[in-house]
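In order, the protein sequence lines correspond to chains A and B.
Using our numbering, you'd call the opening residue of the first sequence number 71 and step up by one each time.
Using our numbering, you'd call the opening residue of the second sequence number 71 and step up by one each time.
Notes to accompany the following structure.
Number of protein chains: 2
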Amino acid sequence: MGLRERKKRQTRRAIAEAALRLFAERGYEETTIADIAGAADVSPRTFFSYFPSKEDVVFAEIDERLTEVREGLDRRPPEETPLQSMRRIVLEMIEAIANEHGEYGAIQVQLILDRPSLQARALKRMNDTEQYVVERLTELCPGIDEVDAVVISGALVGGMKAVITHCRAHGYAPEATREAVDRALAIVEHGLGSVPVLTRPAT
Amino acid sequence: MGLRERKKRQTRRAIAEAALRLFAERGYEETTIADIAGAADVSPRTFFSYFPSKEDVVFAEIDERLTEVREGLDRRPPEETPLQSMRRIVLEMIEAIANEHGEYGAIQVQLILDRPSLQARALKRMNDTEQYVVERLTELCPGIDEVDAVVISGALVGGMKAVITHCRAHGYAPEATREAVDRALAIVEHGLGSVPVLTRPAT
DNA sequence: GTGCAAGTTCGCACTGAGTGTATATTCTGG
DNA sequence: CCAGAATATACACTCAGTGCGAACTTGCAC
C-alpha cells in the first residue's frame with residue numbers, strides 16, 4: 071500500500087474523529103463543517119471529498135458494520151436454516167456493538183437517537199438491509215411467495231431492531247441479550263398466536 | 071369558521087398543489103422554494119410558515135392518513151382482537167390510498183420512492199407509527215413483555231409495508247389486496263414456522 | 001364605522017450545507 | 001529528476017432555512 075492511500079485513510083480518520091469529538095462536546099447542529107475541517111487540519115472543501123454530507127460522517131463506522139452483516143449472510147454455512155443464520159448474525163452484531171462501547175460508538179448511537187434527521191437515515195439503512203435480505207431470500211428459496219419474503223424480512227429486521235433497542239436500554243449483559251434475541255426469534259418463528267394476550271379481545 | 075382560517079387553508083392548499091405540480095413537471099431538486107412560492111403567489115418566506123421544510127410539503131397528506139390510522143387504532147371496538155383490528159385498519163388504509171390515485175397521491179409516492187432522503191423520512195414516519203403501536207399495545211395488555219411488544223409491532227408494521235409495496239407493484243385490485251393482507255397477517259400470526267422453506271437448510 | 005389588538009405576510013439580511021471549477025501541491029512510476 | 005496523475009485548496013456560487021421588524025389584514029369591542 072502506497073503512501074498516497076495511507077494518507078487518505080489517515081485523513082479520513084482524522085476528519086471522522088474530529089467530527090465525532092466536536093459533536094459530543096458542543097452538539098451536532100452547533101458544529102459546522104468549517105469547525106470540523108479546522109479541527110482536522112484540512113480545508114472545508116476537502117471534507118466533502120471524504121464524506122458526501124455532514125450526516126454521513128456519523129454513519130461511517132455503522133456502514134462498515136452493516137457490510138459485515140451482509141457478508142455474514144453471504145458466508146452462511148449451508149446446513150444452517152435461515153432462522154439459525156439470523157440468530158447467529160444478530161448475536162455477532164450485538165457483541166460487536168457492545169465491544170465498540172469504549173470508543174465513539176456510544177456517541178454515534180446517542181446522536182442518531184436524538185436527531186430526527188439522523189434517525190431517518192438510520193432507518194433508511196435498516197430498510198436497505200431489509201431489501202438485501204429479501205433478495206437473498208428469494209435467491210435461496212426459489213419460488214417463494216413475494217409477500218412472504220417481504221414479511222419475513224421485515225419481521226427479522228424488526229426483531230433485530232427490537233433487540234438493539236432493548237439492549238441499549240438495559241445494557242449489553244451477554245445472557246440478557248441472548249435471552250432477548252431468542253425471545254424475539256421465537257415470536258418470529260412461532261407467530262403472534264403464541265402470545266396469548268393477542269388472540270383474545272383485550273380492552 | 072372565520073375568514074382568517076379559511077384563507078389559511080386555501081393558502082396551504084395552493085402551496086402544496088403548486089409544489090406537487092412543479093415537482094412532477096420538472097423534478098424535486100430542480101424546483102426551488104422560490105419557484106413554489108412564485109407559483110402559489112406568496113413570498114418565499116411565507117412558504118416556511120406553512121411547511122417547516124421543502125420535504126414536508128410532500129408528506130402533508132400522508133401525515134393526515136397516518137393520523138387516521140392512529141385514530142382507527144384508538145377507536146377500535148373492544149370485542150376485536152388486536153390482529154383483527156390491524157387487518158381492518160390496513161385494508162382501510164390501502165383503500166384510501168387507492169382512491170386517492172386520481173389526484174397527486176401517485177406523484178407523492180413516486181417522489182418518495184425515488185429520492186433517498188424522502189424515503190428516509192417516510193421510514194421515520196413508519197417507525198413513529200410503530201412506536202405508537204407499542205405504546206397502545208403495552209396499554210392494552212398490561213404486563214406484556216417489552217421485547218414481545220416491540221417485535222409484534224415491528225412485524226405488524228412491516229407487514230403493512232410489505233402489502234403497500236406489493237399493491238403498488240401489482241395495482242390496487244381489491245381481491246388481490248385482501249389476499250396479500252391475509253397472507254401477511256397469517257405469517258405474522260402463525261410464524262415463519264409455517265413457511266416450510268425456512269425451517270430446513272436451504273442452499 | 002372606528003380603533004385597537006392579534007394574526008399574517010413580507011422584505012431583508014444572514015448562516016451554513018453543498019457544488020463546480022480552476023489552480024496549486026503532492027505523490028507515483030519511469 | 002521529470003511527466004502525469006491524484007489530491008488539496010481557494011474562490012465563487014446556489015439554495016434551504018432562520019430571525020427580525022415593518023406593513024398589512026382580520027376579528028372584535030365600542
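Glycine is no exception: its CB is placed at the ideal position from the N, C-alpha and C atoms.
All figures in this text were calculated on a predicted structure; none of them were measured in a lab.
Contact check, B:Val233 vs B:Ala254, beta carbons under 8 Å: Translated into positions along the second sequence, residue 233 of chain B becomes position 163. Translated into positions along the second sequence, residue 254 of chain B becomes position 184. Contact annotation: B:Val233 and B:Ala254 have beta-carbon atoms nearer than 8 Å.
Selection of the region 208-222 of chain A by Cβ proximity to chain B, strictly under 8 Å: Under the 8 Å Cβ criterion, the region 208-222 of chain A contributes Leu210, Cys211, Ile214, Asp215, Glu216, Val217, Asp218, Val220, Val221 and Ile222.
Any C-beta of chain A under 8 Å from that of B:Ala254: Taking the second sequence and counting its residues from 1, one reaches residue 254 of chain B at position 184. At least one chain A Cβ lies under 8 Å of B:Ala254.
Extent of the continuous alpha helix (DSSP H) to which B:Arg82 belongs: One-based indexing of the second sequence puts residue 82 of chain B at position 12. Segment Leu73 to Arg96, the alpha helix (DSSP H) holding B:Arg82.
The region 190-201 of chain B touching the region 102-114 of chain B, judged by at least three CB pairs closer than 8 Å: No, the region 190-201 of chain B does not touch the region 102-114 of chain B.
Minimum Cβ-Cβ distance from B:Lys194 to chain A less than 8 Å: Position 124 of the second sequence, counted from the start, is the residue given in the question as residue 194 of chain B. It does; some Cβ of chain A falls within 8 Å.
Distance, A:Val127 Cα to B:Thr208 Cα: As a working mapping, residue 208 of chain B is identified with position 138 in the second sequence. As a working mapping, residue 127 of chain A is identified with position 57 in the first sequence. Cα atoms of B:Thr208 and A:Val127: separation of roughly 36 Å, rounded to the nearest angstrom.
CB contact flag (B:His236, B:Ala225, <8 Å): Counting from 1 along the second sequence, the entry for residue 236 of chain B is found at position 166. Counting from 1 along the second sequence, the entry for residue 225 of chain B is found at position 155. Taking 8 Å as the Cβ cut-off, B:His236 and B:Ala225 do not qualify as a contacting pair.
C-beta atoms of A:Met71 and A:Val160 nearer than 8 Å: Position 1 of the first sequence, counting from 1, holds the residue named residue 71 of chain A. Position 90 of the first sequence, counting from 1, holds the residue named residue 160 of chain A. No; because the gap between Cβ atoms is not below 8 Å, this pair is not in contact.
B:Arg191 in three-state terms, based on DSSP: Position 121 of the second sequence, counted from the start, is the residue given in the question as residue 191 of chain B. Assignment of B:Arg191 by DSSP, reduced to helix, strand and coil, places it in the helix class.
Length of the line joining the Cα atoms of B:Pro122 and B:Phe129: Taking the first residue of the second sequence as position 1, residue 122 of chain B is located at position 52. Taking the first residue of the second sequence as position 1, residue 129 of chain B is located at position 59. Roughly 11 Å between the two C-alpha positions.
Host alpha helix (DSSP H) of B:Asp133 (start-end): Translated into the one-based positions of the second sequence, residue 133 of chain B becomes position 63. From DSSP, the alpha helix (DSSP H) with B:Asp133 extends over Lys124 to Asp144.
Chain B contact residues for A:Gln201, given Cβ-Cβ distances below 9 Å: Your numbering for residue 201 of chain A matches position 131 in the first sequence. For the C-beta of A:Gln201, not a single chain B residue is nearer than 9 Å; the gap to the nearest is close to 10 Å.
Among B:Val258, B:Thr101, B:Glu131 and B:Thr102, the one whose alpha carbon lies nearest that of B:Arg83: For the purposes of this step, residue 83 of chain B is taken as residue 13 along the second sequence, with counting starting at 1. B:Arg83 has its Cα closest to that of B:Glu131, out of B:Val258, B:Thr101, B:Glu131 and B:Thr102.
Where A:Asp198 falls: helix, strand or coil (DSSP): Within the first sequence, numbered from 1, the residue matching residue 198 of chain A stands at position 128. Looking at A:Asp198 - three-state DSSP - the assignment turns out to be helix.
Candidates A:Thr247, A:Arg74 and A:Glu259, of which the one nearest A:Glu165 by Cα: Walking along the first sequence from the start, residue 165 of chain A turns up at place 95. For A:Glu165, the closest of A:Thr247, A:Arg74 and A:Glu259 by C-alpha to C-alpha distance is A:Thr247.
is_contact[A:Leu157, chain B] using C-beta, thresh 8 Å: Position 87 of the first sequence, counting from 1, holds the residue named residue 157 of chain A. The question names Leu, yet the displayed sequence has Arg at residue 157 of chain A. False, the Cβ-Cβ gap to chain B never drops below 8 Å.
Residues that A:Gln189 contacts on chain B, provided the C-beta gap is smaller than 8 Å: The residue given as residue 189 of chain A occupies position 119 in the first sequence. Residues of chain B whose Cβ lies closer than 8 Å to the Cβ of A:Gln189 are, in chain order, Lys194 and Asn197.
Residue span of the alpha helix (DSSP H) that contains A:Glu245, given as start and end: In the first sequence, counting from the first residue as 1, residue 245 of chain A sits at position 175. That run of the alpha helix (DSSP H) goes Pro244 to His260.
Separation of B:Arg76 from A:Gly213, as counted between CA atoms: In the first sequence, counting from the first residue as 1, residue 213 of chain A sits at position 143. In the second sequence, counting from the first residue as 1, residue 76 of chain B sits at position 6. Approximately 55 Å, taken between the alpha carbons.
B:Lys77 at chain A interface by Cβ criterion, 8 Å: Reading the second sequence from its first residue, position 7 is the one you call residue 77 of chain B. Interface criterion not met: the Cβ of B:Lys77 is under 8 Å from no Cβ in chain A.
CA nearest to the CA of A:Ile177, picked from A:Glu216, A:Ala86, A:Arg79 and A:Val220: For this step, residue 177 of chain A is matched to residue 107 along the first sequence. Of A:Glu216, A:Ala86, A:Arg79 and A:Val220, the residue nearest in Cα terms is A:Ala86.
Under 7 Å (Cβ pairs) to chain B, residues found in the region 95-121 of chain A: Against chain B - using a Cβ distance shorter than 7 Å - the region 95-121 of chain A contributes no residues.
8 Å Cβ cutoff, A:Val139 in contact with chain B: Here the question's residue 139 of chain A lines up with position 69 in the first sequence. Not an interface residue.
Whole-Å CB distance - A:Arg185 paired with A:Tyr98, under 8 Å assumed: Counted from its first residue, the first sequence places residue 185 of chain A at position 115. Counted from its first residue, the first sequence places residue 98 of chain A at position 28. The beta-carbon separation of A:Arg185 and A:Tyr98, rounded to 6 Å, stays under the 8 Å limit for a contact.
Span of the alpha helix (DSSP H), counted from its first residue to its last, around B:Val227: Locating residue 227 of chain B in the second sequence gives position 157, counting from the first residue. Judged by DSSP secondary structure, B:Val227 falls within the alpha helix (DSSP H) whose first and last residues are Glu216 to His240.
Chain B contact residues for A:Pro186, given Cβ-Cβ distances below 8 Å: As a working mapping, residue 186 of chain A is identified with position 116 in the first sequence. Under the 8 Å cutoff, chain B gives Lys194.
Separation of B:Arg191 from B:Ile167, as counted between CA atoms: As a working note, residue 167 of chain B is residue 97 in the second sequence. As a working note, residue 191 of chain B is residue 121 in the second sequence. Straight-line Cα distance between these residues: approximately 18 Å.
Cα-Cα separation, B:Glu149 to B:Thr137: What you label residue 149 of chain B is simply residue 79 of the second sequence in a count that begins at 1. What you label residue 137 of chain B is simply residue 67 of the second sequence in a count that begins at 1. Going from the Cα of B:Glu149 to the Cα of B:Thr137 covers about 23 Å.
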